[in-house]
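Trainee: Below is one structure. I have some questions about it.
In the numbering used here, the protein residues as written are 11 to 350.
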């Protein structure tokens, strides 16, 4: 069977959709092509030993039993055993046929699902952070600092939106300003290097906060990302204020780099809980300045709009759109789809 015909073959309804991150897993059931996804169920990954256990708990009391599933997982989708990057769960599709009674399972990368959401969601779920108007059909890029840093591209070709998944959150990131050179030596490294994820995610924000404190000989007192963002946004802790400012600047630089890679005239989309919480900080100017500071392409960058996706369950919305109308998207299912 060719990829093309397999790609066009819809999954049988009802379809279980799942967005599985490092901390939370979100599920819903799409009953048919003309119905919206049902009530979402959110569980913490730490509460269940396996993903199968979590799904069984979610399906307990559900109005219908799903026949198939589209699952988006935080990690590379390879082989028969798909391990999540920031959580001990392993997805074993063939085992799910027996444990869950499913007959057809497609596993995507979680940021492919976020890319699908960019197409599925309307303006009411977007908060614009500068730039001009998006160019219809032009490339787009999605990035989301969360438990890790997720990145995906989105291109339009042959009448379809094609997500380009990758591991862009692990690109190198380096110091640039005088202050950066004071702070960066104190940022915790990963096997000797500072990748995007060492700064641009929840633990990365705490990492940055500690580095700012150490650079000034101060004792860090905050230990959770939410504490750092809260203390930064209300101005109660100067170290947190600077840490969030540096976080926002580095996010702007990285978003700008990715926008150059994909020539994202269709827009750059920031997704996830952290982006939603720090909208006031993103609007302060240093984000856009860092994003646009890409000589010789400053003018190109200034024209590109950036949006924060404000929908609380964006990836589920993207998966639901795919489940209902797979022909809208160019997703190669290939060796990522299992059938009884």
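Every residue gets a Cβ at the ideal spot worked out from N, C-alpha and C, and that includes glycine.
Express the C-alpha separation of residue 246 and residue 97 in angstroms, rounding to a whole number.
Mentor: Going by C-alpha positions, residue 97 is about 33 angstroms away from residue 246.
Trainee: Alpha carbon to alpha carbon, how far is residue 69 from residue 25? Give it in angstroms, no decimals.
Mentor: 12 angstroms
Trainee: Quick one: complete alpha helix (DSSP H) runs, 4+ long, within the stretch 39-69?
Mentor: 61-69
Trainee: Is it a yes or a no for the stretch 268-277 touching the stretch 141-148, going by three-plus beta-carbon pairs under 8 angstroms?
Mentor: yes
Trainee: Can you list, in chain order, the residues of its chain with a C-beta nearer than 8 angstroms to that of residue 34? Leave out the 5 residues immediately preceding and following it.
Mentor: 52, 53, 54 and 55
Trainee: Could you give the first and the last residue of the continuous alpha helix (DSSP H) run that contains residue 255?
Mentor: 248-272
Trainee: Under the assumption that residue 381 contacts residue 297 (Cβ atoms under 8 angstroms), give the Cβ distance between them as a whole number of angstroms.
Mentor: Missing from the structure shown is residue 381; the chain here goes from 11 to 350 and no further.
Trainee: With respect to the alpha helix (DSSP H) encompassing residue 279, which residues constitute its N-terminal and C-terminal limits?
Mentor: No alpha helix (DSSP H) holds residue 279; the beta strand (DSSP E) holding it covers 278-280.
Trainee: If distances are taken between C-alpha atoms only, which option among 116, 301 and 152 comes closest to residue 77?
Mentor: Closest in alpha carbon position to residue 77, among 116, 301 and 152, is 116.
Trainee: How would you write the range of the alpha helix (DSSP H) that residue 360 sits in, first residue to last?
Mentor: Since the first residue shown for the chain is 11 and the last is 350, residue 360 is missing from the structure and cannot be characterised.
Trainee: The alpha helix (DSSP H) with residue 212 in it runs from where to where?
Mentor: 212-225
Trainee: Considering only their Cβ atoms, is the gap separating residue 155 from residue 284 smaller than 9 angstroms?
Mentor: yes
Trainee: Kindly indicate which three-state DSSP category residue 96 falls into: helix, strand or coil?
Mentor: Here DSSP, grouped into helix, strand and coil, assigns residue 96 to coil.
Trainee: Distance check for residue 240 and residue 290, CA to CA, integer angstroms please.
Mentor: 12 angstroms
Trainee: Please classify residue 202: is it buried, with 16 or more other beta-carbons within 10 angstroms of its beta-carbon, or exposed?
Mentor: exposed
Trainee: In whole angstroms, give me the CA-to-CA distance for residue 125 and residue 118.
Mentor: 11 angstroms
Trainee: Based on the DSSP secondary-structure assignment, which residues constitute the bridge partners of residue 205?
Mentor: 182
Trainee: How big is the Cα-Cα spacing for residue 300 and residue 210?
Mentor: 14 angstroms
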